Structure formats: structure tokens, C-alpha cells
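In case it helps, the working numbering puts the sequence shown at residues 6 to 184.
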Amino acid sequence: TVTPAQFFASTLAVDRAVIVERKRPEGGYEPPVIWDGTNLKKGDRIQLQIRAVEDCYVCVIVVQSDKSARTLFPEGPGAGPGGAHVRKGDVVRLPAQRADTGGSSQDFYFPLGDPAGTETSFVIVEREPARISKAIKAQEELRQTEEKVAGVEKQLAQTSDPKMKAELETRRLELFEME
Numbered sequence: 006t007v008t009p010a011q012f013f014a015s016t017l018a019v020d021r022a023v024i025v026e027r028k029r030p031e032g033g034y035e036p037p038v039i040w041d042g043t044n045l046k047k048g049d050r051i052q053l054q055i056r057a058v059e060d061c062y063v064c065v066i067v068v069q070s071d072k073s074a075r076t077l078f079p080e081g082p083g084a085g086p087g088g089a090h091v092r093k094g095d096v097v098r099l100p101a102q103r104a105d106t107g108g109s110s111q112d113f114y115f116p117l118g119d120p121a122g123t124e125t126s127f128v129i130v131e132r133e134p135a136r137i138s139k140a141i142k143a144q145e146e147l148r149q150t151e152e153k154v155a156g157v158e159k160q161l162a163q164t165s166d167p168k169m170k171a172e173l174e175t176r177r178l179e180l181f182e183m184e
């Protein structure tokens, strides 16, 4: 049995924040603040900040409002599947490159645009990069399965042939079992 003290002593953590610049109706942006959880609007801008409490490997994945997923960090030609090594005390700011948003801030921000909806960021932190690789692989396999299920469900909606419906329903159930 693991006690709470043992669990938290072995748990790897990072400090994180979402910084927001809200667009002013008359133009320009409000000064940046830590996001308070209220709804954001088209034109607002956000920045993710992650500070390593100890040396670790970090990967950030965002599921966008259109349900697509992409890796925010690490990115670029040198990005490996096991996240990026971040040293204790270092702060990772995302985006890492300036977005062409025409704002006054010296920091980099993601502009919020269409389609409207919920975006969810997952910060994966591990001591060993291999564990991040496994998590990313599992996420990609899940995404592929969801795409296949959606394709089968689309075919189900379009067919009126009972035999074809039965075959498609069997295929759909097989896909769910694979998850």
C-alpha cells in the first residue's frame, strides 16, 4: 500500500499558467493576466507557461475545438516523440515563436479564432522520455480508432440495406473492443 505522503513524494509536478490578453472592443489588448477561467472570445490571445519543479521531460498536446489534436511542445525538426528535456526552474512559454497578431506585447501568444468551442491542453510530464512516447502513441491510436468509428457510423447512416447495416454494426463494435 502506498501512503499519500509516498505518492506525493514520488509524483512529478510542474507549475503552469495560462496567460490571457483580452481584445479591447476599440482595438488593442488589455494587459496580460493569469486566466481566471472565464470564457474567452475570438480575438483574445493566450500563452501557456510551464515551469519545471525538477528536471523532467515535457510534452504538450492540445485538442482543438474542431476535435483535432496536435503537439504544441516540443515542435520542430528536432522534436522527438519522448518530449523535451526541461531543467529544474526553466520556464517553457508556448507558443515558442511569435504569432503574427499585430499586438503590442513582446511575448508570444496564440490568437483565438474560429471555430468557436473548447480547447483542452494536456501537459505530460515524466522523468523518462519513453513513458511520454507510450502516451503519445496511445493517443494517436485512439484518434485513429475514433476516425474509423466515425467513418463506419457515417456509412451506417447512409445505408438502408439490413445486411450491410448488420456488417457495419459488427465492424463498429469490433472497433470499440480495440479501444
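Cβ atoms here follow ideal geometry from the backbone N, Cα and C, with glycine treated the same way.
The model shown is predicted, which means the values in this text are computed figures rather than measured ones.
Where does residue 143 fall in DSSP's three states? helix
Between residue 131 and residue 62, what straight-line distance do the alpha-carbon atoms span, to the nearest angstrom? 5 angstroms
Give me, in chain order, the residues of the same chain whose beta-carbon lies closer than 6 angstroms to that of residue 125; leave out the 5 immediate sequence neighbours on both sides. 68
Please return the same chain residues whose Cβ sits closer than 6 angstroms to the Cβ of residue 129, not counting the five positions on each side in sequence. 64, 137 and 140
From 116, 94 and 55, pick the residue whose C-alpha is nearest to that of residue 47; which is it? 116
Between the Cα of residue 45 and those of 123, 72 and 177, spot the shortest distance and give me the residue it belongs to. 123
Whose C-beta lies closer than 7 angstroms to the C-beta of residue 135 among residues of the same chain, with five residues either side of it excluded? 87
Going by the DSSP bridge assignment, what does residue 180 pair with across the sheet? DSSP output for residue 180 lists no bridge partner at all.
Per DSSP, the bridge partner or partners of residue 70: Partner(s): none; residue 70 has no beta bridge.
Where does residue 39 land, buried or exposed, given buried means 16+ other C-beta within 10 angstroms? exposed
With DSSP run on the structure shown, which of helix, strand or coil describes residue 171? helix
Cα-Cα, which of 182, 79, 78 and 31 is closest to residue 147? 182
Give the range of the beta strand (DSSP E) segment to which residue 31 is assigned. From DSSP, residue 31 is part of no beta strand (DSSP E); its letter is neither H nor E.
Assuming residue 101 is part of the beta strand (DSSP E), what are its boundary residues? From DSSP, residue 101 is part of no beta strand (DSSP E); its letter is neither H nor E.
Residue range of the beta strand (DSSP E) that includes residue 50: 50-57
Mind checking residue 75: buried by the 16 CB within 10 Å criterion, or exposed? exposed
Rounded separation between residue 5 and residue 50 - CA only: Residue numbering for the chain in the displayed model covers 6 to 184; residue 5 lies beyond these limits and cannot be assessed.
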